[in-house]
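Asker: So the sequences go chain by chain: A and B.
For the first sequence, the numbering used here begins at 1 and goes up steadily by one.
For the second sequence, the numbering used here begins at 1001 and goes up steadily by one.
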Amino acid sequence: MDIAVSDQVQAGNAVQTEQASAGHPLAIEARGLVKRFDGTLAVDGVDISVPEGAIYGVLGPNGAGKTTTLRMLLGIIDPDEGVRRVFGHDRPHDIARLIGYLPEERGLYPSMKAIEAIAFMGALRGLSLPEGRERGLELLERHDLAHAADRQIRQLSKGMAQTVQLLGTLVHRPKLVVLDEPFSGLDAINQGKLERMIRALADEGTTVIFSTHVIHHAERLCEGVAIIAGGKVPYAGSVEAARDRIPAQVRLETRAREGAWTAALPEDARREGDYFMFSLPDTGVEPLLRQLIEGDAGILSLSIERAGLHDAFVHIAGEAAAKQLEADGHAGNGQ
Amino acid sequence: MSASNEVDMSQKARLSNFQAAMVVARRDFVAILFSRSFLFFLLGPLFPAVVFGMSGGLGAAANQNAPDVRIALQMPSEDMAAILAAHERIESELGRGGVPHFYLFDPADGHDTIDPEALIADNSGIYGAALTGTLEEPILTGTQDRLRMWSGHVTMHLALARNQADVSYPALSTSLVTKSGATTKDRRRDTAQISMTLLFLLMMLLAGMVLSNLVEEKANKIIEILAAALPMEAVFLGKLFAMLAVSLVGIAVWFSLIGLVILSGSDFGNVKQTLMGMPDPGVGWPLFSVLFVVNFSMGYLLIGSIFLAIGALASTVREVQTLSMPVTMLQLFIFFFASFTLIDGAPVLEAMAILFPLSSPFAMTARAAQSEEIWPILIAIGYQALWVAIFIKMGSTLFRKRVMKSGGGGHNSNKRRWYQFKRSTS
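1. If we ignore side chains and look at the alpha-carbon of each, how far apart do Leu1147/B and Asp1109/B end up?
2. Output needed for Ser1371/B: all residues of its chain with C-beta closer than 7 Å, excluding positions within five of it in sequence on either side, in chain order.
3. Applying a beta-carbon distance threshold of less than 8 Å, which residues of chain B neighbour Arg106/A?
4. In angstroms with no decimal places, state the Cα-to-Cα distance between Arg1014/B and Gly122/A.
5. Is it buried or exposed, Asp274/A, if we count other Cβ atoms within 10 angstroms and call 16 or more buried?
6. Whole angstroms are fine: how far does the CA of Met277/A sit from the CA of Glu267/A?
7. I'd like to know whether the C-beta of Tyr109/A is nearer than 7 Å to at least one C-beta of chain B.
8. Name, please, each residue of chain A whose Cβ falls closer than 9 Å to the Cβ of Ile1194/B.
9. Any beta-carbon of chain B closer than 7 Å to the one on Pro266/A?
10. Considering Met277/A, what are the terminal residues of the beta strand (DSSP E) in which it resides?
11. Please confirm if Val1023/B has its CB atom under 7 Å from at least one CB of chain A.
12. Between Leu1135/B, Ile1194/B, Ser1151/B and Ile1222/B, which has its C-alpha nearest Leu1342/B's C-alpha?
13. With a threshold of 16 other CB atoms inside 10 Å of the CB of Glu219/A, please say whether the residue is buried or exposed.
14. Going by DSSP, what residue range makes up the beta strand (DSSP E) through Gly185/A?
15. Between Ser1016/B and chain A, is any beta-carbon pair separated by less than 7 Å?
16. Quick check: the Cα distance between Pro1116/B and Gln1164/B, rounded to an integer number of angstroms?
17. With 7 Å as the C-beta to C-beta threshold (strictly closer), list the residues of the region 82–99 of chain A near chain B in chain order.
18. Going by CA-CA distance only, name the one from Arg133/A, Gly230/A, Thr207/A and Lys232/A that's closest to Leu221/A.
19. What does DSSP give as the partner residues of Pro1138/B in its beta bridges?
20. When the cut-off is 7 Å and only beta carbons count, does Tyr235/A lie next to chain B?
21. 7 Å is my cut-off, CB to CB: does Arg125/A come that close to chain C?
22. To the nearest whole angstrom, what separates the beta carbons of Ile299/A and Val250/A, a pair I think is in contact under 8 Å?
23. Would you mind reading off the limits of the beta strand (DSSP E) that contains Tyr1383/B?
24. Would you report the Cα separation of Lys1428/B and Thr1365/B, rounded to the nearest angstrom?
25. With the cut-off set at 7 Å, would you say Val50/A and Thr69/A are in Cβ contact?
26. Starting from Asp47/A and walking both ways along the beta strand (DSSP E), at which residues does that stretch end?
27. CA-CA distance, Pro1138/B and Leu1330/B?
28. Let me make sure I understand the geometry here. Which of Tyr235/A, Asp78/A and Asp203/A has the alpha-carbon closest to that of Gly57/A?
29. Grab me the residues of Lys232/A's own chain with a C-beta within less than 7 Å of its C-beta, minus the 5 sequence neighbours each way, in chain order.
30. One question on the structure: do Ile48/A and Ala321/A come within less than 7 Å of each other, judged by their Cβ atoms?
31. For Ala263/A, is the classification buried or exposed, using 16 other Cβ atoms within 10 angstroms of its Cβ as the cut-off for buried?
32. Excluding the 5 residues preceding and the 5 following Asp282/A in the sequence, name in chain order all residues of the same chain whose CB lies nearer than 8 Å to its CB.
33. Output needed for Pro945/B: all residues of its chain with C-beta closer than 8 Å, excluding positions within five of it in sequence on either side, in chain order.
34. Quick one: what's Glu141/A bridged to in DSSP?
35. Could you tell me which of Gly1382/B, Leu1230/B, Ser1124/B and Thr1191/B sits nearest to Trp1285/B, measuring between CA atoms?
36. Hey, Ile1090/B and Leu1160/B are a contact pair by Cβ (cut 8 Å); roughly how many whole angstroms apart?
Pasting the structure below:
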């Protein structure tokens, strides 16, 4: 008999929305954010809490309201209703030096040298230009781009220019880094690099919040996510809790096809080829296993498969949003 | 220590608005100053000057080659001789340009009669009028405007031709004065008008530069980075400062070049002669020069803040052109409106021109030329600065409300959104 648990089943440790922040001061706290553009409701009552030091994802299809939400959190635009606090401040511009922001539409002055672009972005956040240049050079060296320091942005490849902009976002050593669709337009290698950078930032205690329409980035990186669809946030909390919203699935393979033991299977059990699939009973698998063994079902294998974030997204945001998310992922950036 | 604790020192966690504006201004100033577009901007006035010079030269050449319009004269020979003698005498008193000239159809040469109407209608265009008959019964034939223009002259010629001996021109003694209230007022008005026109031309030339700035910024997609890091008011102010500084550099270069040309001895376009002929403005030349620069700066900031808001709202050059057209028309209107300050007896219009923020710099420039009082000008400068702040605030608010929106999400998403900052993000 082969019994496997394909992911860590942490029955009973479902973390509900908002409890993710328990015990941690919040880097970002938003309550009931509403934004209308000419009567069009772009964001409708968004609540988000991001603990300090966390990696947090804002997950949703294009047009869901991710960018508008991030812009409100950053103070680029003000919400029509609701409150937002960044490190306890109502006005994010008051603590601009603590924040780094990479917008979705990457932008740099084409005629600027890479090192000057980084220093300028630092200057926008209060760093002196000489200090910005010094730190910029360190960052470029660390990312094997020192040779590009004196090259104009227009002379850099797209990937290099994006890296330069990201380094400009980090040059002033912010405590909160907000990245809007940071993986879009990057090839697989650079996506991997960016994931490592995000993890490194979090390891240093920096809070990272990023938006994405690609679930596996959020699943791999984030402790918490806000699922956003149609301007609303139907779920905000830990990734684990989101996954726990769907019961784990049991995959059972037996030697016997029929028998009295089938009566012991849960009501939702269904056949998929050689397997029975059903939700993990509340009582766990042990009572079921006992009955199957006693019924001589001949268990060949039994695995408990935990729901992924994609399943959770479908469950929470609906099939339509999930399909759009998938389509965005394919059409958007080849991810 | 958590970041929340660290940000207790929040006053150090951001730049002041002025510092923020200076960060933007410094970048823009350096970038524009060392760009090719600045070179073209410096050369800009050369093109109209060259066109002006060429058209002036062509015009002069055309005038030189154009037939001198004359009066066809056909009378008995002795009458014609008397008229010619009178003509020489009048021309010696009034100068060659002051009197019409005659083309003689002398009977002695076989011209017994002429057809005045046919001569005047002739396409050669030489004959503007015809004087026929005799000294006692002269007939002047011509179009209405020619008759109005030449009747007096012809009458004077005829009178002198009849009584050459009895007419004497007395020697006129002259006494020169250096100051005349009427002249000073008139000429200060000229100074005011020239200054206002110069101010208008400079602003027209330079304000357009502001327009393209934010469009370029949006094309570079960097505006969101600026908006995230700095208050939008500071971004706008920084951009205006940079453009103002660039324009002042441009003006300094142009005026230095004109100064050099004048110092070199030439007087291109009679600039030196015009300047030397201008009377002292009411507040004196040194202060007037300073006030001219200040008024230019305020006017530029005022119109620039409007252009900047337009540039921020537009996403393409075509949109900029469409949106800026009314503002350009407004500039023209403002200039003409401000000209009311030059009219005597229109105090209400003058007050309106001073109070309307966009025309105020023009009106106060005119006032500095004509009046010796300084305090109203200083008050007006403060008033204009207040309006600059209001315009910047309005522009940045508009920018944040109308431009920093994204995506086709939310409800009612079929509404038009051509002005949106970007169309395909969430």
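Virtual Cβ for every residue (Gly too), placed ideally from N, Cα, C.
What you are looking at is a predicted structure, and each value in this text was computed from that prediction instead of being measured.
Answerer: By the coordinates alone:
1. 27 Å
2. Gly1282
3. Lys1221
4. 12 Å
5. exposed
6. 11 Å
7. True, the Cβ-Cβ gap to chain B drops below 7 Å.
8. By Cβ distance, chain A contributes nothing, its closest Cβ being about 39 Å from Ile1194/B, past 9 Å.
9. no
10. Counted as a single uninterrupted DSSP element, the beta strand (DSSP E) harbouring Met277/A occupies residues Tyr275 to Ser279.
11. yes
12. That would be Ile1194/B, whose Cα lies nearest to the Cα of Leu1342/B.
13. buried
14. First-last for Gly185/A: undefined, no H or E at that position.
15. no
16. 27 Å
17. Phe87, Gly88, His89, His93, Asp94, Ile95, Ala96, Arg97 and Leu98
18. Minimum Cα distance to Leu221/A is reached at Thr207/A.
19. Gly1133/B
20. Not an interface residue.
21. This model lacks chain C altogether; the protein chains it does include are A and B.
22. Contact flag wrong, Cβ pair sits at about 11 Å.
23. Per DSSP, Tyr1383/B belongs to no beta strand (DSSP E); it is in the alpha helix (DSSP H), Trp1375 to Leu1398.
24. Since the displayed chain B opens at 1001 and closes at 1426, residue 1428/B lies outside it and no answer follows.
25. Taking 7 Å as the Cβ cut-off, Val50/A and Thr69/A do not qualify as a contacting pair.
26. Thr40 to Pro51
27. Distance between the alpha carbons of Pro1138/B and Leu1330/B is about 56 Å.
28. Tyr235/A
29. Asp44 and Gly45
30. no
31. exposed
32. Excluding sequence positions up to five before and after Asp282/A, its CB lies less than 8 Å from no other CB in the same chain.
33. Outside the shown range of chain B, which is 1001 to 1426, sits residue 945/B, and nothing can be said about it.
34. In the DSSP output, where bridge partners are listed per residue, Glu141/A has none listed.
35. Thr1191/B
36. That belief holds up - the Cβ atoms of Ile1090/B and Leu1160/B are roughly 7 Å apart, short of 8 Å.
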